[in-house]
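**Q** Structure incoming, see below.
Numbering (the working numbering), first residue to last: 104 to 619.
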């Protein structure tokens, strides 16, 4: 009843709040000197309730309350009593939930007192009491403080609290404590992933009600849309991952970040590549693990990321491990489709780099990037024009896989002349035969008629490609006599006359091209 009356008094007479807080300061000083634990506990209970009841006027008495809590926490007769510290934490929690963010920018004395209390609280909870739950509750309280992340003097409390929470979380969940950075090539990743793929269980899937305090603490820092706070939290996570590189931990926490802000994790990882003190191999593997995981990421600037990875890869020439991992990470960037034409854009970017350099080492690395990327493309997505520009830079054995990624549609017939010209320039007859067959498979009548026109106009002397085309045309038209004549003329080094070909290309009964 006396407590109720006091709360009624301060609520109805707000002008008396300062007088009440001053009285509590004096009373606490006397109780601490006389070691009256019970009285101190009552004071803390009253303070917690006053904060909640008079939150609109918190700035009037909050400094007195911080002073009281700091005195209690620095008193050796009281700070080893878990019950007392729990009451201090409860009052602090109420302050954090209700404090006005303007105090952090306009009252330097409050900022100093707030910082001093937090440092003392963690020292007592962590070093004196070794009480993980009290440490975690303090972390949660800090996360509830408005505008803390934007205050230069005390924003360091965010990464400090995240680090405390991570340490407790991995201790309670040992599988996240073991270094685990398997390459994406170890996984079954033959299917291209999409943004709509089913999510794995993550931080966001655990109910706050029954969650462990370490999980709740992580949720309070990563499940936020406050970008200042989230950025500081992610940086703390990535710093922690340098010593405990576990991709499952990264995926678990990223799944708790609002989906529209998860791209920040990748951006900050890329940024860490500029830090010479970081383990770059770990960073690249973490990027890869996140890119190929089931964690949905939207708003990622694929080309911007690619350019930064490429620049870092070229700068790392001489370090084979880093160069190889960059190659893998660049390909992993294309594992998820963020927009139509993404693969073509990435390959075109590589083409621009290939055209811009004459350094043999750089060309070799860029060619490996193209090979790695092409090897993981799930279906046709390149234009014929881009293929023709990229093909001269690719190794002979990579030409056919590269052509398999070309789309069936074609923008102009003029490209076929370049395509057949390219086939003629291939050094291997076997490669010419395979590529010609695939051209017919992909373009059918267009290949047949464009090829006929091209070889009639451009070939005046017998050559292997000429006969390869006509054999493929005979097979496509299913005309045995045409095939026999091609083999005969190849043996005798003869060319078809225009009249010879008219018979094969004008037979209404057998020629597939007549209707075309």
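Even for Gly, the Cβ is constructed at its ideal location relative to N, Cα and C.
#1: Considering just the uninterrupted stretch of the alpha helix (DSSP H) at residue 511, what are its terminal residues?
#2: For residue 456, which three-state DSSP category applies?
#3: From this set, 359, 509, 362 and 345, which residue's C-alpha is nearest residue 372's C-alpha?
#4: So, does the segment 383-402 touch the segment 314-323, judging by three or more C-beta pairs under 8 Å?
#5: From the DSSP output, in three-state form, read off residue 136 for me.
#6: Give a yes or no on contact between the segment 258-266 and the segment 359-376, applying the rule of three or more CB pairs nearer than 8 Å.
#7: Buried or exposed for residue 323, please, with buried defined as at least 16 other CB atoms from any protein chain shown within 10 angstroms of its CB.
#8: Using DSSP with H/G/I as helix, E/B as strand and the rest coil, what is residue 573?
#9: Kindly examine the ligand ADP and report whether one of its heavy atoms sits closer than 7 Å to the Cβ of residue 568.
#10: Report all residues from its chain with a CB closer than 8 Å to the CB of residue 275; omit the five preceding and five following residues, and keep chain order.
#11: For the alpha helix (DSSP H) that contains residue 436, what are its first and last residues?
#12: Mapping the DSSP letters down to three states, classify residue 164 as helix, strand or coil.
#13: What would DSSP say about residue 183, mapped onto helix, strand or coil?
#14: Give me the Cα-Cα distance between residue 255 and residue 342, rounded to the nearest whole angstrom.
#15: Who are residue 372's beta bridge partners in DSSP?
#16: On a Cα-Cα basis, can you pick out the residue from 320, 589 and 281 that is closest to residue 347?
#17: Decide if residue 589 is buried, meaning its Cβ has at least 16 other Cβ atoms within 10 Å, or exposed.
#18: From residue 291 to residue 331, what does the alpha carbon distance come to, in whole angstroms?
#19: Give the straight-line distance between the Cα atoms of residue 557 and residue 507, rounded to the nearest whole angstrom.
#20: Quick one: what's got a C-beta closer than 6 Å to residue 167's C-beta in the same chain, skipping five residues either side?
#21: To which residues of the same chain is residue 307 closer than 7 Å at the C-beta, ignoring the five residues directly before and after it?
#22: Check the C-beta distance from residue 170 over to residue 113 and give it rounded, since I have them as a contact under 8 Å.
#23: In terms of residue numbering, what span does the alpha helix (DSSP H) encompassing residue 394 cover?
#24: Going by DSSP, what residue range makes up the alpha helix (DSSP H) through residue 255?
#25: Whole angstroms are fine: how far does the CA of residue 353 sit from the CA of residue 199?
#26: For residue 349, list the residues DSSP reports as bridge partners.
#27: Measure the CB-CB distance between residue 143 and residue 202 and report whether it falls below 8 Å.
#28: With a CB to CB cut of under 7 Å and the five nearest residues on each side skipped, what residues in its chain are close to residue 188?
#29: Using DSSP bridges, identify the partner residues of residue 485.
#30: First and last residue of the alpha helix (DSSP H) that includes residue 242?
#31: Tell whether a beta-carbon distance below 8 Å holds between residue 340 and residue 258.
**A** Quick look at the numbers:
#1: Stepping through the chain shown from its first residue, residue 511 is reached at position 408. First-last for residue 511: undefined, no H or E at that position.
#2: For the purposes of this step, residue 456 is identified with residue 353 of the chain shown, where counting begins at 1. Helix at residue 456.
#3: Counting from one through the chain shown, the residue named residue 372 turns up at place 269. Nearest option by C-alpha distance: 345.
#4: no
#5: Your numbering for residue 136 matches position 33 in the chain shown. Correct three-state label for residue 136: helix.
#6: no
#7: The residue you call residue 323 lines up with position 220 of the chain shown. Result: buried.
#8: Counting from one through the chain shown, the residue named residue 573 turns up at place 470. It is helical.
#9: Looking at this structure, you won't find the ligand ADP or any other ligand, since it has none at all.
#10: Counting from 1 along the chain shown, the entry for residue 275 is found at position 172. Hits under 8 Å: 315 and 317.
#11: Within the chain shown, residue 436 is the residue found at index 333, counting from 1. Neither: residue 436 is in no alpha helix (DSSP H) and is coded neither H nor E.
#12: Counting from 1 along the chain shown, the entry for residue 164 is found at position 61. The answer is helix: DSSP assigns residue 164 an H, G or I state.
#13: Position 80 of the chain shown, counted from the first residue, corresponds to residue 183. Of the three classes helix, strand and coil, the one that applies to residue 183 here is coil, per DSSP.
#14: Working through the chain shown from its first residue, we reach residue 255 at position 152. Working through the chain shown from its first residue, we reach residue 342 at position 239. Roughly 20 Å separates the two Cα atoms.
#15: For the purposes of this step, residue 372 is taken as the residue at position 269 of the chain shown. The partner list for residue 372 (beta bridge, DSSP) is empty, contrary to what the question assumes.
#16: For the purposes of this step, residue 347 is identified with residue 244 of the chain shown, where counting begins at 1. Nearest option by C-alpha distance: 281.
#17: Walking along the chain shown from the start, residue 589 turns up at place 486. Buried.
#18: Your numbering for residue 291 matches position 188 in the chain shown. Your numbering for residue 331 matches position 228 in the chain shown. Low local confidence applies: a pLDDT of 35 at residue 291 is under 50, so the model's placement there is unreliable, and no value is given.
#19: Position 454 of the chain shown holds residue 557. Position 404 of the chain shown holds residue 507. Those two C-alpha atoms are separated by around 23 Å.
#20: The count along the chain shown starts at 1 and reaches residue 167 at position 64. Counting only Cβ-Cβ distances below 6 Å, and skipping sequence neighbours, we find 124 and 128.
#21: Taking the chain shown and counting its residues from 1, one reaches residue 307 at position 204. Closer than 7 Å at Cβ, skipping near neighbours: 326, 358 and 359.
#22: Within the chain shown, residue 170 is the residue found at index 67, counting from 1. Within the chain shown, residue 113 is the residue found at index 10, counting from 1. No, residue 170 and residue 113 are not in contact; Cβ-Cβ is about 18 Å, not under 8 Å.
#23: Here residue 394 corresponds to residue number 291 of the chain shown, with the count starting at 1. Note, residue 394: alpha helix (DSSP H), 383-394.
#24: Residue numbering aside, residue 255 sits at position 152 when the chain shown is read from its first letter. Here residue 255 belongs to no alpha helix (DSSP H), and DSSP marks it neither H nor E.
#25: Indexing the chain shown from 1 puts residue 199 at position 96. Indexing the chain shown from 1 puts residue 353 at position 250. Going from the Cα of residue 199 to the Cα of residue 353 covers about 28 Å.
#26: Numbered from its first residue, the chain shown carries residue 349 at position 246. According to DSSP, which records beta bridges pairwise, residue 349 is partnered with 283.
#27: If you number the chain shown from 1, residue 143 lands on position 40. If you number the chain shown from 1, residue 202 lands on position 99. For residue 143 and residue 202, no; Cβs fall outside 8 Å.
#28: As a first step, residue 188 is located in the chain shown; it is residue number 85 there, counting from the start. Answer for residue 188: 182, 227, 228, 232 and 237, listed in chain order.
#29: In the chain shown, counting from the first residue as 1, residue 485 sits at position 382. Its beta-bridge partners are 509.
#30: Counting from 1 along the chain shown, the entry for residue 242 is found at position 139. Segment 235-246, the alpha helix (DSSP H) holding residue 242.
#31: For the purposes of this step, residue 340 is taken as the residue at position 237 of the chain shown. For the purposes of this step, residue 258 is taken as the residue at position 155 of the chain shown. Their beta carbons are not under 8 Å apart, which means residue 340 does not touch residue 258 by this criterion.
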